[in-house]
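Protein sequences, first through last, are from chains L and G.
Per this note's numbering, the very first residue in the first sequence carries number 176; after that it's consecutive.
Per this note's numbering, the very first residue in the second sequence carries number 1115; after that it's consecutive.
All residues carry an ideal CB built from backbone N, CA and C; glycine is no exception.
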Amino acid sequence: MEISTSRIVSLIKRDWILYNRNYTLGVLILFVLCTIVMFLISDEADPETPVDAPELVFIVMLYFVGSFHTLRSYREFSRHADAVTYLGIPASHIEKFLSRWIITLPVFLSVCIAVFSISYLLLSIIAEQTWGVIFTPFSSFEWSNFFKFILFFIFFHSLFFLFALMFSKNSVTKSIIVFIGLWFVFILFNYYINSGSIQADDSFKALLMSNYRYLMLLAVPILWFSSYSILKAKTA
Amino acid sequence: MEVEYSNYILYVWCINILIHYINMISINNLEFSHNRNIGLFKDLNLKLDKGKIYGLLGKNGTGKSTLLRLICGMLKPKTGTVLVDDKPSISRDVELLQRIYLQQEESYLPSISLSEYVSAYRDFYPKFDQEKLESSMQIFEVPMDSKLNEISFGQRKKFFLSFGMATNVDYLLLDEPTNSLDVPSRSQFRKVLTAGFHESQTIIISTHNIFDFGRLFDTVIILDDGQVVFNQDIEAIEQKLSFVMSNTFGDESVVLHKDTRYGEHLSIIPNSDDEPTLVDLEVLFKAVINNSKAINSQFKN
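Okay, here's the thing in structure tokens:
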């Protein structure tokens, strides 16, 4: 397995050169929307807990924008000439996989946290200018939920990363349909387990409920490996 | 001292022999089809040496572009092997990809300037030569600050050729490089290609525009019906065949192929003199497609 840090950096640099306008515009829109939404749902009468549900803004930003960003990560495969150019780049499959993985997960996550934090701080300044109250930033943010959100995002990322490679054309539409289908199956399964239609003893249910996070974590590397295998198979 | 010098000569000779035999493309018993029913290549065999410019000719749909993609490892043979320096091209290992550049007829066109494109891709080619790129672009008179998706099709061809030459790869594969080039650009193309070509390089040019290349090709390969039907060096063709006006000789029985161009009758006959003749690639191509056996029989000895 050939892995060179310099080639991964070159692949990321290539992506930045090709898509920097889209990325910059996306971050700016995200920043403006995040600030506006937080301003609209903020409560000037309660400076201690200024934003009613900051987690909601963070979740929407992280999951919706993150999933869309991940689904578009292999947009080259929707056009033949682009796909051939991308596959012809002298870098190994794993390097190509890792470069996109870095852009869609750690880089996106860092940007998202930075945008949210700056928006929250900016909101305090706007609130002071508008209402004359000094908000305490992050005071209402449930930090205990933060890592849960991140864990869920990593799971969604692995799933959408796989979809991005599975569906070369119309990846967003196809992925949404498959995701809704999977979600429906999950709800049905949950319903039948709870209603007793599917025989499962209480200890199994308890085990399932208490360990769902670990199950998700277990699925993540399997989904990433599947994505890598699809990318490798696409070259021939 | 003399012993040391002779050892050195022997060492250099061995290295040269080694490079000569290692640096090549070898296609063995290749079978390939785009769909299950129609086979494109049937038991195709071909060897390409280093230090040569190959002209890959063939009718539409004979698989010229497909063959280039198979050499790059972008397509997988059904059976048989495509080896580049003894490595299967389908392995697509990085070291191999760094030594092959394919200029396609249809290219990816992001909305960035030519210099940005160079910044995005040059790092992947260890022997990339920025000066070579700039001098080629000067010959072609295409400004580097132009947007890739805003320049004409011909200008894009010029840019991608310049970029390909600047990569200094061992195998440069050009798919219809002169399509959409105007007349002055075609001579600029030849100038850039000959100026940038180096002895350890192999260039394969797939084309329909035979007239653009003149004596640029060292070897002519013609594909037809899934096979290599002709594969000869230009020097051998010059020695073995004569391309003559029909009214300049009397004996019709020696004629290998007859053709008409602008009312003039052209024929191919065996070259009975020691004097090499000027090769007419268009007539040669037609002759091979019509009767490859008759033409190839001249190269048996």
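Pull up the distance between the alpha-carbon of residue i and that of residue j, whole angstroms please.
{"i": "residue 1183 of chain G", "j": "residue 1189 of chain G", "result": "6 Å"}
{"i": "residue 1228 of chain G", "j": "residue 1406 of chain G", "result": "44 Å"}
{"i": "residue 369 of chain L", "j": "residue 181 of chain L", "result": "52 Å"}
{"i": "residue 330 of chain L", "j": "residue 1310 of chain G", "result": "51 Å"}
{"i": "residue 1173 of chain G", "j": "residue 1398 of chain G", "result": "13 Å"}
{"i": "residue 389 of chain L", "j": "residue 396 of chain L", "result": "12 Å"}
{"i": "residue 1256 of chain G", "j": "residue 299 of chain L", "result": "52 Å"}
{"i": "residue 1198 of chain G", "j": "residue 1152 of chain G", "result": "26 Å"}
{"i": "residue 1144 of chain G", "j": "residue 256 of chain L", "result": "25 Å"}
{"i": "residue 1236 of chain G", "j": "residue 1356 of chain G", "result": "45 Å"}
{"i": "residue 193 of chain L", "j": "residue 289 of chain L", "result": "23 Å"}
{"i": "residue 1327 of chain G", "j": "residue 1171 of chain G", "result": "12 Å"}
{"i": "residue 1297 of chain G", "j": "residue 1274 of chain G", "result": "18 Å"}
{"i": "residue 297 of chain L", "j": "residue 216 of chain L", "result": "14 Å"}
{"i": "residue 1410 of chain G", "j": "residue 1344 of chain G", "result": "7 Å"}
{"i": "residue 1193 of chain G", "j": "residue 325 of chain L", "result": "48 Å"}
{"i": "residue 1426 of chain G", "j": "residue 235 of chain L", "result": "The shown model of chain G, from 1115 to 1415, leaves out residue 1426 of chain G, and the question about it has no answer."}
{"i": "residue 1347 of chain G", "j": "residue 1385 of chain G", "result": "15 Å"}
{"i": "residue 184 of chain L", "j": "residue 1205 of chain G", "result": "23 Å"}
{"i": "residue 250 of chain L", "j": "residue 343 of chain L", "result": "7 Å"}
{"i": "residue 275 of chain L", "j": "residue 200 of chain L", "result": "19 Å"}
{"i": "residue 352 of chain L", "j": "residue 359 of chain L", "result": "11 Å"}
{"i": "residue 1366 of chain G", "j": "residue 1358 of chain G", "result": "12 Å"}
{"i": "residue 1148 of chain G", "j": "residue 1159 of chain G", "result": "19 Å"}
{"i": "residue 393 of chain L", "j": "residue 202 of chain L", "result": "31 Å"}
{"i": "residue 1234 of chain G", "j": "residue 1382 of chain G", "result": "50 Å"}
{"i": "residue 1207 of chain G", "j": "residue 176 of chain L", "result": "10 Å"}
{"i": "residue 339 of chain L", "j": "residue 1414 of chain G", "result": "55 Å"}
{"i": "residue 1146 of chain G", "j": "residue 387 of chain L", "result": "48 Å"}
{"i": "residue 378 of chain L", "j": "residue 355 of chain L", "result": "29 Å"}
{"i": "residue 126 of chain L", "j": "residue 341 of chain L", "result": "Shown here, chain L extends from 176 to 411; a query on residue 126 of chain L therefore has no answer."}
{"i": "residue 1342 of chain G", "j": "residue 1181 of chain G", "result": "11 Å"}
{"i": "residue 280 of chain L", "j": "residue 349 of chain L", "result": "21 Å"}
Give me, in chain order, the residues of the same chain whose beta-carbon lies closer than 8 Å to that of residue i; leave out the 5 immediate sequence neighbours on both sides.
{"i": "residue 178 of chain L", "result": "267, 269, 270 and 273"}
{"i": "residue 317 of chain L", "result": "230"}
{"i": "residue 278 of chain L", "result": "187, 190 and 248"}
{"i": "residue 1304 of chain G", "result": "1326, 1327, 1328 and 1330"}
{"i": "residue 1408 of chain G", "result": "1370, 1371 and 1401"}
{"i": "residue 1308 of chain G", "result": "1330"}
{"i": "residue 1350 of chain G", "result": "1413"}
Roughly how far, in whole angstroms, is the beta-carbon of residue i from the beta-carbon of residue j, given that I think they are within contact range, below 8 Å?
{"i": "residue 1437 of chain G", "j": "residue 1321 of chain G", "result": "Residue numbering for chain G in the displayed model covers 1115 to 1415; residue 1437 of chain G lies beyond these limits and cannot be assessed."}
{"i": "residue 1324 of chain G", "j": "residue 1395 of chain G", "result": "4 Å"}
{"i": "residue 1269 of chain G", "j": "residue 1354 of chain G", "result": "With a Cβ gap of about 40 Å, residue 1269 of chain G and residue 1354 of chain G do not count as contacting."}
{"i": "residue 265 of chain L", "j": "residue 1231 of chain G", "result": "Actually they are not in contact, since the Cβ atoms of residue 265 of chain L and residue 1231 of chain G sit about 16 Å apart, beyond 8 Å."}
{"i": "residue 1340 of chain G", "j": "residue 1210 of chain G", "result": "Between residue 1210 of chain G and residue 1340 of chain G the Cβ distance is about 26 Å, and since that is not below 8 Å, they are no contact."}
{"i": "residue 253 of chain L", "j": "residue 337 of chain L", "result": "Wrong, their Cβ atoms sit about 16 Å apart, outside the cutoff."}
{"i": "residue 245 of chain L", "j": "residue 335 of chain L", "result": "4 Å"}
{"i": "residue 1293 of chain G", "j": "residue 1271 of chain G", "result": "7 Å"}
{"i": "residue 233 of chain L", "j": "residue 291 of chain L", "result": "5 Å"}
{"i": "residue 1177 of chain G", "j": "residue 1203 of chain G", "result": "That belief does not hold up - the Cβ atoms of residue 1177 of chain G and residue 1203 of chain G are roughly 16 Å apart, past 8 Å."}
{"i": "residue 1338 of chain G", "j": "residue 1179 of chain G", "result": "15 Å between Cβ atoms; not a contact."}
Could you tell me if the beta carbon of residue i falls within a distance shorter than 7 Å of some heavy atom in the ligand NAP?
{"i": "residue 1399 of chain G", "result": "With respect to the ligand NAP, the structure shown offers nothing to examine, as it has no ligands at all."}
Grab me the residues of residue i's own chain with a C-beta within less than 7 Å of its C-beta, minus the 5 sequence neighbours each way, in chain order.
{"i": "residue 294 of chain L", "result": "206, 209, 210 and 213"}
{"i": "residue 1352 of chain G", "result": "1390, 1391 and 1393"}
{"i": "residue 1225 of chain G", "result": "1261 and 1263"}
{"i": "residue 1295 of chain G", "result": "1268, 1271 and 1303"}
{"i": "residue 1276 of chain G", "result": "1247, 1250, 1251, 1254 and 1306"}
{"i": "residue 1368 of chain G", "result": "1383 and 1384"}
{"i": "residue 1404 of chain G", "result": "1371"}
Among the residues of its own chain, which have a CB less than 6 Å from the CB of residue i, if the five just before and after it don't count?
{"i": "residue 1306 of chain G", "result": "1250 and 1253"}
{"i": "residue 237 of chain L", "result": "287 and 328"}
{"i": "residue 399 of chain L", "result": "333"}
{"i": "residue 1157 of chain G", "result": "1143"}
{"i": "residue 391 of chain L", "result": "330"}
{"i": "residue 1278 of chain G", "result": "1215, 1217 and 1286"}
{"i": "residue 1360 of chain G", "result": "1379 and 1381"}
### Message
For the structure I just gave you, are there three or more beta carbon pairs, one from the region 283 to 300 of chain L and one from the region 238 to 248 of chain L, closer than 8 Å?
### Response
yes
### Message
Within 8 Å, do at least three Cβ pairs link the region 1316 to 1335 of chain G to the region 1149 to 1164 of chain G?
### Response
yes
#### Entry: Cβ pair count under 8 Å reaching 3, the region 1136 to 1148 of chain G against the region 1298 to 1316 of chain G
yes
### Message
Quick check: the region 1241 to 1248 of chain G against the region 200 to 212 of chain L, are at least 3 beta-carbon pairs closer than 8 Å?
### Response
no
#### Entry: Validate contact between the region 1203 to 1222 of chain G and the region 1261 to 1275 of chain G using beta carbons, cut 8 Å, 3 pairs
yes
### Task
Taking 8 Å as the threshold, find out whether the region 1281 to 1290 of chain G comes into contact with the region 1210 to 1217 of chain G through three or more Cβ pairs.
yes
### Segments assigned beta strand (DSSP E), at least 3 residues, entirely inside the region 319 to 399 of chain L
Listed in chain order, nothing qualifies, since the region 319 to 399 of chain L has no complete beta strand (DSSP E) run of 3 or more residues.
### Task
Please list the segments of the alpha helix (DSSP H) lying wholly inside the region 1167 to 1240 of chain G, counting only runs of 4 or more residues, in order along the chain.
The region 1167 to 1240 of chain G contains these whole alpha helix (DSSP H) runs: 1178 to 1186, 1208 to 1211 and 1228 to 1235.
### Query
Quick one: complete beta strand (DSSP E) runs, 3+ long, within the region 1308 to 1385 of chain G?
1316 to 1320, 1333 to 1338, 1341 to 1347, 1355 to 1359, 1371 to 1375 and 1378 to 1384
### Entirely enclosed alpha helix (DSSP H) segments - the region 247 to 322 of chain L, minimum 4 residues
Listed in chain order, they are 255 to 262, 268 to 277 and 283 to 305.
### Query
Which runs of the beta strand (DSSP E) fall wholly inside the region 1273 to 1308 of chain G and span at least 3 residues, in chain order?
1285 to 1289
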